[in-house]
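Accompanying notes for the structure given below.
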Amino acid sequence: MTATSPSDDPIDLRSPEFAADPFPVIERVREAGGSAPALFVDTMEAVLFVDDEDVRTILGDRRFVLDPANVTQGRVTAKRSDALDALGIRPDLITYLTESILDKDGDDHTRLRKLVSRTFTVRRINELRPKVQRVTDDLLARLPGLADGDGVVDLMPHLSYPLPIAVICDLVGVPEEERAAWREWSRRLNRFDPTRAELMNDTLGEMVDHIRGMLAERREEPTDDLLGALVRARDEDGGRLSESELITLVFTLVVAGHETTAHLLGNGVATLLAHPGQTEALRSDPDLLPSAVHEMLRYGGTAVVSKARYAAEDVQLRTGRLAAGQRAIAVIAGANRDPRVHPDPHRFDITRHRGKPGEAHVGFGHGIHYCLGAALARQEGEVAVGSLLNAYPGLSLVPGRGPRRTPSPGALRMDSLPVRLG
1 MTATSPSDDP IDLRSPEFAA DPFPVIERVR EAGGSAPALF VDTMEAVLFV DDEDVRTILG
61 DRRFVLDPAN VTQGRVTAKR SDALDALGIR PDLITYLTES ILDKDGDDHT RLRKLVSRTF
121 TVRRINELRP KVQRVTDDLL ARLPGLADGD GVVDLMPHLS YPLPIAVICD LVGVPEEERA
181 AWREWSRRLN RFDPTRAELM NDTLGEMVDH IRGMLAERRE EPTDDLLGAL VRARDEDGGR
241 LSESELITLV FTLVVAGHET TAHLLGNGVA TLLAHPGQTE ALRSDPDLLP SAVHEMLRYG
301 GTAVVSKARY AAEDVQLRTG RLAAGQRAIA VIAGANRDPR VHPDPHRFDI TRHRGKPGEA
361 HVGFGHGIHY CLGAALARQE GEVAVGSLLN AYPGLSLVPG RGPRRTPSPG ALRMDSLPVR
421 LG
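Each step along the sequence shown adds one to the number in the UniProt record's numbering, with nothing skipped, and position 131 is 131.
Right, here's the structure in full:
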């Protein structure tokens, strides 16, 4: 491995420095050559890459795989399942963290993706827009009644989370009265404390038992939602979907389907309000909304790093070489601020993507694992941000009261976003 390290020691992605603000670390790696040895969030060794070209290769090239079983050359020395086992995660629960659609390669990934892809077509997402607008309008109408005596309200629990969880739960088929439980499970999972493995075991166990209960209900009374369709696919042709895959698919869709969008909204609105000139430009020209959401994803999207990939063979990247079996970490936030692709990358500019086809950023990933719900997340962003600015023209951040992020190794998660409605 010929990657250059900006220091003598591997970069620890669990360090308080990286978790609190990854961008200075990313820029040090870029200045030192673009790649560096690292310890991933599961404590295992890896090499991280911040260059846009390298990130796209790692995410999109079939020489990189997610499942170490698909490495036939070299020797795999770092397996996520081993790290989870060492942390005390129950063996019967590890599969739900390592065998999801997000962890599958090639034909296995394609098989699972086909089962749910029709739910996320552009046509289906466009048909959902009135629903997204109704949920948004209802949440916005409630905000004044939730504000404190100074007219300040926190958008994270009252807009950023309830909007995407309402939409994804409707699609999947999770009843409204059960959504608070999903929100709490998701919160625990995404703030995993490695010293409290028992809490993770309890959380995963509760989720799996809950999903099994929903599956039993669908088998007794079939439904037309996505969960009903997946149960039929499992029961009518078991070769297409195993029971554990079915449970993991539901788990992944609901958690990933709202958590990342919630923080896209939180990070995006916070960034927009911190740049008053950009806020006024968007108010003056609502047609900039699609471009603004893309810039929110580029500048401060939820994902900082990708899942670890394994080099299935020796691979030479632009800024470093990997031997077969080594793990690569694609730094999404690094690619999205690569000055070779994004001039003046640390400047927030909502006109940057105007009139340009496709996506210059990799906020939704790249290659076969490109986010299934990308169109839905963009739509929710456009509806929520546009409606928020329209409903509250005097909206502003509150000096001295945030916003506040939860330090997280691998994601930008907004904990609190107090705003004055005006």
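We put the CB at the ideal spot given by N, CA and C, even for glycine. No experiment lies behind these values; they were computed from the predicted model shown.
Query	Result
Inter-residue spacing [alpha-carbon to alpha-carbon] between H369 and V362	11 angstroms
Selected residue, minimal CA-CA separation from H294, among V385, D108 and R75	V385
F49 - partner residues in DSSP beta bridges	S35 and A330
Cβ-based neighbour list, A166, same chain, cut-off 6 angstroms, excluding 5 preceding and 5 following	V135
Span separating the alpha-carbon of D150 from that of Y392	15 angstroms
Contact set for D85: own chain, Cβ-Cβ below 8 angstroms, skip 5 residues either direction	P91 and I94
Three-state secondary structure (DSSP) of S396	strand
C-beta contact flag for A333 and I26 at 8 angstroms	yes
Burial state of V122, where buried means 16 or more other Cβ atoms lie within 10 Å	exposed
Contact the region 300 to 312 vs the region 273 to 286: 3+ CB pairs below 8 angstroms	no
Unbroken stretches of the beta strand (DSSP E), 3 residues or longer, contained in the region 33 to 114	35 to 39 and 45 to 49
Neighbour-count burial assignment, P222, 16 or more Cβ in a 10 Å radius	exposed
Alpha helix (DSSP H) segments (min. 4 residues) lying fully within the region 187 to 225	197 to 220
Pick from L253, D105 and D148 that is closest to N70, judged by C-alpha positions	D105
Beta-carbon proximity check, L253 vs I125, cutoff 8 angstroms	no
Buried versus exposed, by CB contacts within 10 Å (16 or more), N267	buried
Alpha carbon of A160 to alpha carbon of G277, nearest angstrom	According to the sequence provided, residue 160 is Ser. The question's Ala does not apply to it. Cα to Cα, S160 sits roughly 23 angstroms from G277.
Cβ-based burial, M1 [other Cβ within 10 Å; buried from 16]	Below a pLDDT of 50, predicted positions are generally treated as unreliable, and M1, at 44, falls in that range; no measurement from the model is reported.
Counterpart residues of A311 in DSSP-defined beta bridges	F64
Cβ shell of K131 (< 6 angstroms), same chain only, five flanking positions each side left out	none
Contacting residues, own chain, Cβ-Cβ under 7 angstroms from T4 (five flanking each side not counted)	Bear in mind that the predicted position of T4 carries a pLDDT of just 44, short of 50, making it unreliable; the figure below should be weighed with that in mind. Once the five neighbours on either side are set aside, the close Cβ partners of T4 are A32, G33, S35 and A36.
Per-residue DSSP class, three states only, for V341	coil
Continuous beta strand (DSSP E) stretch holding R405: start and end	R404 to T406
Residue of R318, V304 and D154 minimising C-alpha distance to R420	D154
Cβ-Cβ separation, A328 to F40 (assumed contact under 8 angstroms), whole Å	The Cβ separation is near 10 angstroms, so there is no contact.
Where the beta strand (DSSP E) containing M296 begins and where it ends	Counting along the chain, M296 falls outside any beta strand (DSSP E), though it belongs to the alpha helix (DSSP H) covering L289 to G300.
Nearest-angstrom Cα separation, counted from D9 out to V398	40 angstroms
Meets three-Cβ-pair contact criterion under 8 angstroms: the region 44 to 56 and the region 317 to 326	yes
Unbroken alpha helix (DSSP H) run spanning S387, endpoints	A374 to A391
Exposure label - S291; buried when at least 16 CB within 10 Å	buried
Endpoints, the alpha helix (DSSP H) within which R413 is located	Unbroken run through R413 is the beta strand (DSSP E), R413 to S416; no alpha helix (DSSP H).
H346, buried or exposed, once every other Cβ within 10 Å from all chains shown has been counted against 16	exposed
Spatial distance of L417 from R404 (CA atoms)	7 angstroms
First through last residue of the beta strand (DSSP E) which encompasses V152	V152 to D154
Coil, strand or helix - L322 by DSSP	strand
Simplified DSSP state of V419, which is helix, strand or coil	strand
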